[in-house]
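Under this note's numbering, the first residue of the sequence shown is numbered 69, with each subsequent residue one higher.
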Amino acid sequence: MASLSGLCSSSPSLKPKHSLWKSTLNPPLLKTSLTYRTRTLLTPTRSIASDIPADLSKANDKLPNKPRQPGLEKDPNSLWRRYVDWLYQHKELGLYLDVSRIGFTEEFVSEMEPRFLKAFKDMEELEKGAIANPDEGRMVGHYWLRNSTLAPNSFLKTQIDKALDAVCDFADQVVSGKIKTPDGGRFTQILSVGIGGSALGPQFVAEALAPDNPPLKIRFIDNTDPAGIDHQIAQLGPELASTLVIVISKSGGTPETRNGLLEVQQAFREAGLDFAKQGVAITQENSLLDNTARIEGWLARFPMFDWVGGRTSEMSAVGLLPAALQGIDIREMLAGAALMDEANRTTVLRNNPAALLALCWYWASEGVGSKDMVVLPYKDSLLLFSRYLQQLVMESLGKEFDLDGHRVNQGLTVYGNKGSTDQHAYIQQLRDGVHNFFVTFIEVLRDRPPGHDWELEPGVTCGDYLFGMLQGTRSALYANDRESITVTVQEVTPRSVGALIGLYERAVGIYASLVNINAYHQPGVEAGKKAAGEVLALQKRVLAVLNEASCKQPVEPLTIEEVADRCHAIEDIEMIYKIIAHMAANDRALIAEGSCGSPRSLKVFLGECNVDELFA
Ligand SMILES: O=P(O)(O)OC[C@H]1O[C@](O)(CO)[C@@H](O)[C@@H]1O
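Structure below.
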């Protein structure tokens, strides 16, 4: 057998206290070649609506697409002033945002004004229930999930409240042992089956917040990799009998998730277990998954709403149910996000943390994604934040066309892992190499729970080292003109994690408005899904051709060319070769002659001929 090798206004009552653009900086913090201008475009009490240019679409014409980026301020006194002047603090959340190491100028801030006014208005409309996802004709309502009173009508409010109550109730009953396993015991494990937005939020939150000994431990199947699935099931071992399987899919028809479900159901059959008694579905009403779960009588079903996108679904049942089952305080997560949303509704730029982030992204990446965003949380439990943000930001902002139909190929690349670990991996390149990024440091002030700390050398704890590494890296990068943002939280708690999620969701929404794209659809993903379907359809034709030849007496091994010819798909010969090589690697096609490394020499047949198929 051969194997293939090598191969925000905010509510009308919220009046800005200060002008959005009014500068408290004097003189300008960055010395630029541009002339400094002070523009006060909002009076302290005017509402945003009256300040929006009559023709909003014209707002986009006014800004240079690529702001010129001067050298960064290096004078310590000016830098300290810049730090203090721009430092954002949310007292109740214990969250800080430092944008001083992004080199935007006063003039840039002024020039961005029309776009921000439009973005704040857009967010206001979105929260009121506008069709903010025009391509799919959908409302975008993830902000209502943490404050259902914002929902545009009482029906939606009731839906949100009911779903949350149902999640809390079910989780309480499972954790307390009222809902039992089929053999009368307690559920001890969760196996979550889902992908993309139906996995990344729950994965991030589990890593960030699950206690050391949660009531139920969680594992994930987030791919259609059979070996990966086998690994998860094998790790469960006999505990499969006490595993709650949560299948999450908004659409209810995502192939990877369907395959994961079928594989898990097969494992249940093999173990003599009744899947339905341990299965939970989170999906849209009447989706394929919902209907399957209903007809098969699964243990529970929870709704996903049409107006919540996968990548912004962490505060729906998608994120809340797994979190609650792990003993995480989901009401606190919701409260953190709600507080952050409130803060992000102000139209005063420097008081609006999401707008500040969007401003920095625009400046650093010139409004066209010219620089990547490297996310570096200095805290192991936040390891998956960058992965979570990768989907949130890139699936939202990576768009070919803008809202007016112009080809723009927008985006903002996100990657990262954690500090200080990455110091010993790629930070060398960040400091000295190609200058194609800006960094977001995530700093957590509390090193470990109180009462557990000790000094590993006089005056210095282990956490001091982590702190030193972060500060040192930030300084070393800046000294070499590498810009950075720092988000600081006191501790990693359900509240701060909710706030971080809320912060970035809103920053993405605002940035999308700034660059005039729809952040809430993902047409590009469909192309890959369609192409995958075509590959599988071609594989079926290849199989039929091989089957026919393999049923002959004697068996007729075929070359790749012969298979392509008989499939009437000579233009797909390379794909046919790959299909056959994959089948050979899995013992589903046998090699009569040649090897996969020399495609032209290859002759293959099927080990078993299926006569029935020939007459089908
Ligand atoms: O929840 P679903 O419908 O299974 O989709 C999973 C993921 O697939 C996508 O639709 C495309 O990758 C994501 O937006 C989504 O989070």
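For glycine and all other residues, C-beta sits at the position ideal for the given N, C-alpha and C.
### Query
Smallest Cα separation from residue 320: which of 577, 591, 302 and 352?
The sequence position of residue 320 within the sequence shown is 252, counting from 1. Residue 320 has its Cα closest to that of 352, out of 577, 591, 302 and 352.
### Query
Start and end of the beta strand (DSSP E) containing residue 347?
Taking the first residue of the sequence shown as 1, we reach residue 347 at position 279. Segment 347-352, the beta strand (DSSP E) holding residue 347.
### Task
Note down the Cα distance separating residue 440 from residue 525, rounded to an integer number of angstroms.
On the sequence shown, position 372 is the one that residue 440 refers to. On the sequence shown, position 457 is the one that residue 525 refers to. Going by the C-alpha atoms only, they are around 38 angstroms apart.
#### Entry: Opposing strand residues paired with residue 503 [DSSP bridges]
Here the question's residue 503 lines up with position 435 in the sequence shown. Partner(s): none; residue 503 has no beta bridge.
### Message
Under 7 angstroms: does the beta carbon of residue 455 sit that close to some heavy atom of ligand 1?
### Response
Taking the first residue of the sequence shown as position 1, residue 455 is located at position 387. It does not: the Cβ of residue 455 is nowhere closer than 7 angstroms to a heavy atom of ligand 1.
### residue 408, DSSP secondary structure in three states
Position 340 of the sequence shown, counted from the first residue, corresponds to residue 408. The answer is helix: DSSP assigns residue 408 an H, G or I state.
### Query
Looking only at its own chain, which residues have a Cβ that is under 7 angstroms from the Cβ of residue 589, when we skip the five neighbours before and after it?
Your numbering for residue 589 matches position 521 in the sequence shown. Within the same chain, residue 589 has close Cβ partners 201, 203 and 204.
### Message
Taking 7 angstroms as the cut-off, is the C-beta of residue 466 nearer than that to any heavy atom in ligand 1?
### Response
Here residue 466 corresponds to residue number 398 of the sequence shown, with the count starting at 1. Not under cutoff, so the answer is no.
### Message
Closer than 8 angstroms is the cut-off here; do at least three beta carbon pairs connect the segment 465-472 with the segment 503-517?
### Response
Look at the beta carbons and you see the segment 465-472 not touching the segment 503-517: under three pairs across the two are nearer than 8 angstroms.
#### Entry: Closest by C-alpha distance to residue 423, when choosing among 381, 578, 357 and 455
By one-based count along the sequence shown, residue 423 stands at place 355. Comparing alpha carbon positions, the residue from 381, 578, 357 and 455 closest to residue 423 is 578.
### Task
Report yes if the CB atom of residue 392 is closer than 8 angstroms to the CB atom of residue 239, and no otherwise.
Position 324 of the sequence shown, counted from the first residue, corresponds to residue 392. Position 171 of the sequence shown, counted from the first residue, corresponds to residue 239. In this structure, residue 239 lies closer than 8 angstroms to residue 392 by Cβ.
### Task
Specify, as a first and last residue, the run of the alpha helix (DSSP H) that residue 441 falls within.
Residue 441 sits at position 373 when you count from the first residue of the sequence shown. Where residue 441 is concerned, there is no enclosing alpha helix (DSSP H), although the beta strand (DSSP E) it sits in stretches over 440-445.
### Message
Using the three-state DSSP reduction, which class does residue 325 fall into: helix, strand or coil?
### Response
For the purposes of this step, residue 325 is taken as residue 257 along the sequence shown, with counting starting at 1. In this structure, residue 325 counts as helix in the three-state DSSP scheme.
### Message
Within a Cβ cutoff of 6 angstroms, which residues of the same chain sit near residue 623, ignoring the five residues on either side of it in sequence?
### Response
Taking the sequence shown and counting its residues from 1, the one referred to as residue 623 is at position 555. Cβ neighbours of residue 623 beyond the five flanking positions: 673.
### Message
Measuring only the C-alpha atoms, how far is residue 492 from residue 535?
### Response
In the sequence shown, residue 492 corresponds to position 424, counting from 1. In the sequence shown, residue 535 corresponds to position 467, counting from 1. Cα to Cα, the separation comes out at about 16 angstroms.
### residue 187 versus residue 645: straight-line alpha-carbon distance, rounded
Locating residue 187 in the sequence shown gives position 119, where the first residue counts as 1. Locating residue 645 in the sequence shown gives position 577, where the first residue counts as 1. Those two C-alpha atoms are separated by around 50 angstroms.
### Task
Please find out if some non-hydrogen atom of ligand 1 comes closer than 7 angstroms to the beta-carbon of residue 644.
The sequence position of residue 644 within the sequence shown is 576, counting from 1. No, the Cβ of residue 644 stays beyond 7 angstroms of every heavy atom of ligand 1.
### Task
Answer with buried or exposed for residue 226, where buried requires no fewer than 16 other C-beta atoms within 10 angstroms of its C-beta.
Start at 1 with the first residue of the sequence shown, and residue 226 comes out as number 158. That one is exposed.
#### Entry: Cβ neighbour criterion (16 or more within 10 Å) applied to residue 324
For the purposes of this step, residue 324 is identified with residue 256 of the sequence shown, where counting begins at 1. Counting Cβ neighbours within 10 Å, residue 324 comes out buried, since at least 16 surround it.
### Message
Which residues neighbour ligand 1 when neighbourhood means a C-beta less than 6 angstroms away from any of its non-hydrogen atoms? List them by chain order.
### Response
For ligand 1, the selected residues are 263, 264, 265, 266, 317, 318, 319, 322, 325, 378, 379, 463, 590 and 593.
### Query
Counting Cβ pairs closer than 8 angstroms, one from the segment 419-435 and one from the segment 172-189, do we hit at least three?
yes
### Closest Cα partner of residue 694 within the set 262, 170 and 142
What the structure shows of the chain is the stretch from 69 to 684, and residue 694 is not part of that stretch, so it cannot be assessed.
### Query
Just curious, the alpha helix (DSSP H) that residue 421 is in, first and last residue?
Working through the sequence shown from its first residue, we reach residue 421 at position 353. Residue 421 -> alpha helix (DSSP H) spans 421-432.
### Query
In terms of residues, what are the limits of the beta strand (DSSP E) holding residue 167?
Numbered from 1 along the sequence shown, position 99 holds the residue referred to as residue 167. Looking at the DSSP string, residue 167 is not in any beta strand (DSSP E), and its letter there is neither H nor E.
### Query
Distance, Cα to Cα, residue 104 vs residue 176?
Reading the sequence shown from its first residue, position 36 is the one you call residue 104. Reading the sequence shown from its first residue, position 108 is the one you call residue 176. Any answer about residue 104 is weak, because its pLDDT of 25 lies below 50 and its placement is not dependable; what the coordinates show is given next. Cα to Cα, residue 104 sits roughly 10 angstroms from residue 176.
### Message
Going by beta-carbon coordinates alone, are residue 553 and residue 153 separated by less than 8 angstroms?
### Response
Mapped onto the sequence shown, residue 553 falls at position 485. Mapped onto the sequence shown, residue 153 falls at position 85. No, they are not a contact pair.
### Message
Using 8 angstroms as the threshold, is the C-beta distance between residue 425 and residue 160 below it?
### Response
Within the sequence shown, numbered from 1, the residue matching residue 425 stands at position 357. Within the sequence shown, numbered from 1, the residue matching residue 160 stands at position 92. Taking 8 angstroms as the Cβ cut-off, residue 425 and residue 160 do not qualify as a contacting pair.
### Task
Verify whether the separation of the beta carbon atoms of residue 382 and residue 209 is less than 8 angstroms.
As a working mapping, residue 382 is identified with position 314 in the sequence shown. As a working mapping, residue 209 is identified with position 141 in the sequence shown. Not a contact, by the Cβ cut-off of 8 angstroms.
### Message
Less than 8 angstroms between the beta carbons of residue 338 and residue 297, yes or no?
### Response
On the sequence shown, residue 338 is found 270 positions in, with the first residue counted as 1. On the sequence shown, residue 297 is found 229 positions in, with the first residue counted as 1. No.
### Query
At which residues does the beta strand (DSSP E) containing residue 369 begin and terminate?
For the purposes of this step, residue 369 is taken as residue 301 along the sequence shown, with counting starting at 1. First-last of the beta strand (DSSP E) with residue 369: 368-372.
### Task
Output the distance between the C-alpha atoms of residue 218 and residue 370, rounded to the nearest integer angstrom.
Within the sequence shown, numbered from 1, the residue matching residue 218 stands at position 150. Within the sequence shown, numbered from 1, the residue matching residue 370 stands at position 302. So the alpha carbons of these two residues sit roughly 21 angstroms apart.
### Query
For residue 679, which of helix, strand or coil comes out of DSSP?
On the sequence shown, position 611 is the one that residue 679 refers to. Residue 679 sits in a helix when the DSSP states are folded into three classes.
### Straight-line Cα distance separating residue 213 from residue 221
In the sequence shown, residue 221 corresponds to position 153, counting from 1. In the sequence shown, residue 213 corresponds to position 145, counting from 1. Roughly 13 angstroms between the two C-alpha positions.
### Terminal residues of the beta strand (DSSP E) in which residue 312 lies
In the sequence shown, the residue the question calls residue 312 occupies position 244. Its beta strand (DSSP E) spans residues 311-317.
#### Entry: the segment 372-379 contacting the segment 554-568, beta-carbon criterion three pairs below 8 angstroms
Look at the beta carbons and you see the segment 372-379 not touching the segment 554-568: under three pairs across the two are nearer than 8 angstroms.
### Task
Can you say whether residue 549 is buried or exposed, counting buried as having 16 or more other CB atoms within 10 angstroms of its CB?
Along the sequence shown, one-based indexing puts residue 549 at 481. With fewer than 16 other CB atoms across the displayed protein chains lying within 10 angstroms of its CB, residue 549 is exposed.
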